[in-house]
Amino acid sequence: MDPRSEVLLRQAELFGGSVLLAGLPADDLLGQLPMALGWSWHAGDHARLDARFAERTTFSVTPPQAPFDCAVLFLPKSRELTSYLLDAVAARLPGGVIYLVGEKRAGVERAAKQMAAFGTPRKLDSARHCQLWQVRVEQAPDTPELSSLAQHYSLQLADGPLNVVTLPGVFSHGRLDVGSALLLDYLDKLPGGHLLDFGCGAGVLGAVLKRRYPDSQVTLLDVDAFAVASSRLTLAANGLQAEVISGDGIAAAPAELSAILSNPPFHQGVHTHYQASEDLLRQAAKHLRKGGQIRLVANRFLKYPPLIEQHIGACHTLADAKGFRIYKAVSG
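Each residue of the sequence shown is one higher than the last, beginning at 1 in the UniProt record's numbering.
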């Protein structure tokens with residue numbers, strides 16, 4: 001059981017009714033709270049929860065339509081996303097109660113101050129290195145319009161400007177990260193066919209690929225619902241059409257790809273996770289056609305070449321700059 005869930009269950013009498021659990025972990029909390037509903041924006045967590053608790057979770061960037069008496073927000077990493085999520089549930093709960101639970105080192109005390117816009121936050125419990133806060137919604141906000149919270153920026157590329165739209169919580173919100181900027185310089189001479197932007201984020205790579213290779217099928221894949229929504233907005237802002245899908249890692253990708261391009265994720269919340277990136281390297285060959293390529297950017301300290309050599313093919317370093325490396329391999 002996730003320690004945040006354990007803290008909630010110490011106060012289980014508060015959550016016996018129709019409570020919305022927003023951003024809940026994929027543990028047994030729904031089993032312990034049979035009247036609760038789940039709202040997730042992580043495709044993997046949602047799939048695991050839905051397999052165990054059918055039709056009790058929603059995968060979306062907006063709260064489920066089903067009514068709820070109170071809501072618990074599991075603290076996300078992003079302050080901007082926290083603000084949106086709090087507003088989204090508070091707008092549905094005038095006079096109701098919102099709870100916030102999170103790890104101390106994730107900044108739950110700081111995040112609790114964001115609830116002061118609705119009323120007076122109160123700490124209810126502290127255990128398992130986590131805290132549980134409560135606020136009664138005395139001043140309910142208007143329902144937030146997610147698109148109005150988007151940040152826009154333009155990339156000046158050789159074939160013209162690219163307009164990028166990012167939503168709260170999406171990696172590198174409002175700016176282009178250094179790794180992706182480096183990879184953009186190494187997208188030439190890709191084989192024709194089906195191209196995949198894995199871990200697409202705001203859709204920068206996918207949009208560039210579709211514009212540069214208009215005759216190729218392009219798919220963008222991410223585990224996060226807000227990233228999927230951002231990618232669709234970025235494509236639309238540039239008059240481009242491509243498939244955008246959600247899924248938990250490379251297993252959700254199509255087969256017979258001609259190339260996989262990625263700035264693969266290795267952070268989740270306040271913890272460091274390499275699973276999605278390592279799974280990508282171990283399983284990419286299953287999704288690539290013979291002679292298909294993978295090109296990815298990674299922090300220099302990450303030991304990816306041995307995995308690439310073992311599971312895909314000979315690993316070539318195309319660039320080494322600014323603490324990042326661009327790797328390329330061809331599937332045999």
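We put the beta carbon where it would ideally sit given N, CA and C, even for glycine.
Is the beta carbon of residue 204 closer than 7 angstroms to that of residue 210?
No; because the gap between Cβ atoms is not below 7 angstroms, this pair is not in contact.
Looking at the structure shown, is residue 226 part of a helix, part of a strand, or coil, going by DSSP?
It is helical.
Using a threshold of 7 angstroms, state whether the C-beta atoms of residue 248 and residue 90 are closer than that.
It is not a contact, given that the beta carbons lie outside the stated cut-off.
Who are residue 246's beta bridge partners in DSSP?
Answer is 222, bridged to residue 246.
Using only alpha-carbon positions, find the residue among 73, 142, 117, 88 that is nearest to residue 108.
It is 73 whose Cα lies nearest to the Cα of residue 108.
Could you check whether residue 50 and residue 58 sit closer than 7 angstroms to each other, using their CB atoms as the reference points?
No, the pair does not count as a contact, with Cβ atoms beyond the cut-off.
Near residue 29, what residues of its chain come up, given a Cβ to Cβ distance below 6 angstroms and the 5 sequence neighbours on each side ignored?
Excluding sequence neighbours, residue 29 sits near 5.
Compute the Euclidean distance between the alpha carbons of residue 143 and residue 88, then round it to the nearest angstrom.
Distance between the alpha carbons of residue 143 and residue 88 is about 6 angstroms.
With distances taken Cα to Cα, identify the nearest neighbour of residue 235 among 263, 253, 200, 257.
The option with the nearest alpha carbon to residue 235 is 200.
Could you give the residue range of the beta strand (DSSP E) that holds residue 82?
Segment 79–90 is the alpha helix (DSSP H) holding residue 82; no beta strand (DSSP E) there.
Would you be able to state if there are at least three C-beta pairs under 8 angstroms between the region 129–140 and the region 156–170?
No: fewer than three Cβ pairs fall under 8 angstroms.
For residue 119, which residues in the same chain have their Cβ closer than 8 angstroms to its Cβ, ignoring the five residues on either side in sequence?
Result list for residue 119: 135, 136, 137, 138, 139, in chain order.
Is it true that the CB of residue 232 sits closer than 7 angstroms to the CB of residue 244?
Yes, Cβ-Cβ distance for residue 244 and residue 232 is below 7 angstroms.
Pick from 19, 124, 172, 10: whose alpha carbon is nearest that of residue 80?
The residue with the shortest Cα to Cα distance from residue 80 is 172.
According to DSSP, is residue 2 part of a helix, a strand, or is it coil?
DSSP places residue 2 in coil when its eight states are reduced to three.
Ignoring anything shorter than 4 residues, give me the alpha helix (DSSP H) runs that lie fully in the region 289–315, in order along the chain.
Within the region 289–315, the complete alpha helix (DSSP H) runs of at least 4 residues are 305–311.
Measuring straight from C-alpha to C-alpha, what distance separates residue 238 and residue 207?
Cα to Cα, the separation comes out at about 8 angstroms.
Under three-state DSSP, which class holds residue 15?
Three-state result, residue 15: helix.
Whether or not the region 287–296 and the region 178–195 are in contact is what I'm after, with contact meaning three or more pairs of Cβ atoms, one per stretch, closer than 8 angstroms; do they touch?
With a cut-off of 8 angstroms, the region 287–296 and the region 178–195 count as touching, because enough Cβ pairs lie within range.
Just to confirm my understanding: we take residue 324, look at its own chain, exclude 5 residues before and 5 after, and list those with CB closer than 7 angstroms. What are they?
The answer, listed in chain order, is 178, 179, 182, 297, 298, 299, 300.
Do you know how far the Cα of residue 153 is from the Cα of residue 163?
Looking at the two C-alpha atoms, the distance is approximately 6 angstroms.
Classify residue 328 as buried or exposed, calling it buried when 16 or more other Cβ atoms lie within 10 Å of its own Cβ.
Classification of residue 328: buried, given that the 10 Å Cβ count is 16 or more.
With burial defined as no fewer than 16 other Cβ atoms inside 10 Å of the residue's Cβ, what is the status of residue 92: buried or exposed?
Classification for residue 92: buried.
Thinking C-alpha only, which one of 216, 186, 78, 175 is nearest residue 194?
Selected option, being the one with the closest Cα: 216.
Name the two residues that bound the continuous alpha helix (DSSP H) containing residue 110.
Taken as a continuous stretch (DSSP letters only), the alpha helix (DSSP H) holding residue 110 covers 108–112.
Using DSSP bridges, identify the partner residues of residue 21.
Residue 21 is bridged to 38, 72.
Figure out for me which residue from 148, 196, 184, 313 has the closest Cα to the Cα of residue 251.
That would be 196, whose Cα lies nearest to the Cα of residue 251.
If we ignore side chains and look at the alpha-carbon of each, how far apart do residue 36 and residue 159 end up?
C-alpha separation (whole angstroms): 51 angstroms.
So what does DSSP say about residue 185, is it helix, strand or coil?
Helix.
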